[in-house]
Amino acid sequence: MITPRFSCTQTEAEVIVKMYCPSVRASDVEINIEETLFSVHVNPYFLRLNFPRSLKGDEDASASYDAGSGYLTVILSKETPGQEFKDLDLLAKLLAPRPSAEPPQQPVIEVLSSEDAAAGDEQDAGEELAQRTQQLTLEQQEILRAAENDWQLPQEIPEPLPQLKTTPGYRYGFLDMYSGYFRHVAHTENEINELGADAETCPSSERRKLRLNHEDEKWDEEHYMADYVEDEYIQELLYWLNPHTVSGEDFHYSEEENMTMLRLPRKEYLATPQQTHSLYLTLATLLFSYAYDCRTTQHDPTPESAWTLSVLTPAFTALDPAPYTPSSSNSSGFSAEEILVTLAASYRRALAFPLYRSWALAEACRADVAALLGKGKRVVARCLLEMKHILDHHEVYYLYSKIWVDDFCTWTLAHASDETLGGLAVAVKSLKMEKKIIGWHLEELEASAQEAIEREPDSDDESEDEIERMLPAPM
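Just so you know, we're using UniProt numbering here: the sequence shown kicks off at 1 and counts up by one.
Okay, here's the thing in structure tokens:
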């Protein structure tokens with residue numbers, strides 16, 4: 001079946017779904033409505049949408065087909081006229097499967113009467129205890145006697161059992177849903193893969209060690225100091241404004257973006273609160289990479305943009321997503337410590353790998369991340385769609401779009417909360433990044449570079465002194 005290109009609008013009492021279905025028979029249209037779920041089938045097209053509120057039944061719906069334009073228009077009646085159906089422009093959210101029903105409640109114990117049983121409770125208690133004691137093993141009886149004598153028995157917390165593994169490989173990607181994408185990595189020119197041929201079998205703890213070691217190896221003090229001293233072009237990049245951070249309230253996805261959303265995976269993500277918390281942190285690292293490429297290209301991607309986006313993202317290069325420190329127990333909030341450690345990973349990569357390695361540039365990218373998050377999931381999804389477009393057109397790095405960006409686009413559109421994104425934006429914006437957390441003695445290098453600049457004599461003064469020496473002495 002083919003998913004047609006479609007759009008949704010609404011009035012006070014109706015929802016209008018307009019689909020592009022050229023060369024079909026209008027008599028073959030089948031419409032089905034079940035509360036919030038709407039589906040339409042006309043060979044070879046099939047569309048199923050899950051709306052946020054209930055609709056009236058099939059008998060209240062109507063459809064019309066324009067053979068000239070190829071558009072099928074279906075008008076659905078709202079169950080409660082006047083209700084607003086939000087997010088009708090988020091096509092991926094409408095296409096997402098209906099969330100699973102809540103698990104059944106545990107049976108509730110109801111006490112019918114406590115008076116009748118109270119009299120015999122004390123009498124039966126001794127007999128029941130004696131019967132249970134006879135059934136205990138010798139070791140259990142010794143423990144019970146020790147407890148009666150108030151002996152101080154040693155108590156130890158058993159260590160958790162290791163996770164049962166049935167295969168030698170480890171999963172990775174969005175919610176650890178993927179494997180097998182790096183089986184033939186030795187035969188491809190993947191310059192950003194820091195795990196080598198062991199990408200499929202490397203555990204998460206080892207991935208992080210390899211990533212940190214590789215960052216330390218690529219760190220170049222001279223390159224950093226050179227960009228610190230000669231920063232004319234970097235200063236130009238700092239004053240550039242990302243158009244997505246200054247755009248107005250009137251937001252509409254383009255036709256190309258809508259077509260891309262139709263091709264996104266349609267999955268149901270059963271993420272735990274802790275996993276969801278980690279996804280928001282990983283999203284911040286993706287947006288940092290996006291912000292860096294946007295600034296250095298001024299939102300005009302180059303052939304190197306796919307490499308830049310990939311090499312700056314720890315979840316791509318070493319399959320090492322956030323969190324990089326134990327997360328707070330409150331899944332709805334973000335502590336300063338975990339934001340600091342999360343962005344420190346992006347800062348390290350921005351100072352070790354790309355062409356422009358500047359702390360001020362990294363700080364500008366962090367400000368962009370905060371601004372993009374503050375714009376909400378629509379703008380964040382647009383940034384992710386742009387990342388997907390760049391990666392999809394690269395012959396090697398497209399796989400990171402498959403295992404990360406595609407699912408992030410769907411999850412952001414269908415499940416991300418604007419309120420949570422706003423809270424993350426505030427945490428990122430108010431964060432005070434410290435250079436010492438990077439671990440490369442940046443402050444000392446900058447002080448040395450500044451001293452060297454101050455020691456350099458003024459070239460103009462040198463020229464004047466040389467001219468004076470060349471002139472003849474006065475008579």
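For glycine and all other residues, C-beta sits at the position ideal for the given N, C-alpha and C. Just so we're clear, the structure is a prediction, and the values are computed from it rather than from any experiment.
Name, in chain order, the residues that DSSP records as bridge partners for F334.
Residue mapping note: residue 334 aligns to position 334 of the sequence shown, counting from 1. Paired residue(s): none; F334 is not in a bridge.
Start and end residues, beta strand (DSSP E) containing Y65:
For the purposes of this step, residue 65 is taken as the residue at position 65 of the sequence shown. Run containing Y65: S62 to D66, per the beta strand (DSSP E) assignment.
Once DSSP output is grouped into helix, strand and coil, what is the label at A270?
Your numbering for residue 270 matches position 270 in the sequence shown. Correcting the residue type first, residue 270 is Leu in the shown sequence and not Ala. In this structure, L270 counts as coil in the three-state DSSP scheme.
Looking at the structure shown, is A119 part of a helix, part of a strand, or coil, going by DSSP?
The sequence position of residue 119 within the sequence shown is 119, counting from 1. Reliability fails at A119, whose pLDDT of 48 lies under 50, so the model's placement of it is uncertain and no value is given.
Report the rounded CA-to-CA distance for W411 versus Y269, giving the unit in angstroms.
As a first step, residue 411 is located in the sequence shown; it is residue number 411 there, counting from the start. As a first step, residue 269 is located in the sequence shown; it is residue number 269 there, counting from the start. Whole-angstrom Cα-Cα distance: 8 angstroms.
Could you tell me the boundaries of the alpha helix (DSSP H) in which H389 lies?
Mapped onto the sequence shown, residue 389 falls at position 389. Unbroken alpha helix (DSSP H) run through H389: K377 to D392.
Once DSSP output is grouped into helix, strand and coil, what is the label at T73?
On the sequence shown, position 73 is the one that residue 73 refers to. Strand at T73.
Does the contact criterion of 3 or more C-beta pairs under 8 angstroms hold for the stretch 317-326 versus the stretch 342-357?
yes
Sub-7 angstroms separation of T3 and L262 beta-carbons
The residue labelled residue 3 in the question sits at position 3 within the sequence shown. The residue labelled residue 262 in the question sits at position 262 within the sequence shown. It is a contact, given that the beta carbons lie within the stated cut-off.
Helix, strand or coil for R455, going by three-state DSSP, please let me know.
For the purposes of this step, residue 455 is identified with residue 455 of the sequence shown, where counting begins at 1. Of the three classes helix, strand and coil, the one that applies to R455 here is helix, per DSSP.
Taking C-alpha atoms, which residue in E434, V405 and S54 lies nearest to M177?
Taking the first residue of the sequence shown as 1, we reach residue 177 at position 177. Cα-wise, what sits closest to M177 is V405.
Which one or two residues does DSSP pair with T9 in a beta bridge?
Numbered from its first residue, the sequence shown carries residue 9 at position 9. Looking at the DSSP assignment, T9 forms a beta bridge with I16.
Measure the C-alpha to C-alpha separation of L90 and F51 and round it to an integer number of angstroms.
Start at 1 with the first residue of the sequence shown, and residue 90 comes out as number 90. Start at 1 with the first residue of the sequence shown, and residue 51 comes out as number 51. Going by the C-alpha atoms only, they are around 11 angstroms apart.
Any idea what DSSP makes of N50, helix, strand or coil?
As a working mapping, residue 50 is identified with position 50 in the sequence shown. In the structure shown, N50 sits in a strand (DSSP, three-state: E or B).
What residues in its chain sit with their C-beta under 7 angstroms from that of A449, if we drop five residues either side in the sequence?
Residue numbering aside, residue 449 sits at position 449 when the sequence shown is read from its first letter. Same-chain partners within the cutoff: M225, Y228 and V229.
Taking the straight line between their C-alpha atoms, what separation do you get for T9 and K86?
Here residue 9 is taken as the residue at index 9 of the sequence shown, counted from 1. Here residue 86 is taken as the residue at index 86 of the sequence shown, counted from 1. Rounded to the nearest angstrom, the two C-alpha atoms are 10 angstroms apart.
Who are the near neighbours of Y400 in its chain, counting only those whose CB is closer than 7 angstroms to its CB and skipping five residues on each side?
As a first step, residue 400 is located in the sequence shown; it is residue number 400 there, counting from the start. S310, F316 and L391, listed in sequence order.
Taking the C-alpha atoms as reference points, what is the distance between G173 and H277?
As a position in the sequence shown, residue 173 is number 173, starting the count at 1. As a position in the sequence shown, residue 277 is number 277, starting the count at 1. Distance between the alpha carbons of G173 and H277 is about 16 angstroms.
Alpha carbon to alpha carbon, how far is S7 from L37?
Locating residue 7 in the sequence shown gives position 7, where the first residue counts as 1. Locating residue 37 in the sequence shown gives position 37, where the first residue counts as 1. The alpha-carbon atoms of S7 and L37 are separated by roughly 16 angstroms.
Run through DSSP, which three-state label would Y224 get?
The count along the sequence shown starts at 1 and reaches residue 224 at position 224. If DSSP states are grouped into helix, strand and coil, Y224 belongs with the helices.
Within 10 angstroms of the Cβ of L237, are there 16 or more other Cβ atoms? Answer buried if so, exposed if not.
The sequence position of residue 237 within the sequence shown is 237, counting from 1. Buried is the call here.
Please determine, among D66, K78, L72 and M387, the residue with the shortest C-alpha to C-alpha distance to I33.
As a working mapping, residue 33 is identified with position 33 in the sequence shown. Nearest of D66, K78, L72 and M387 to I33, Cα basis: K78.
Just reading off the alpha helix (DSSP H) that H244 is part of, what are its end residues?
Along the sequence shown, one-based indexing puts residue 244 at 244. Run containing H244: P243 to V246, per the alpha helix (DSSP H) assignment.
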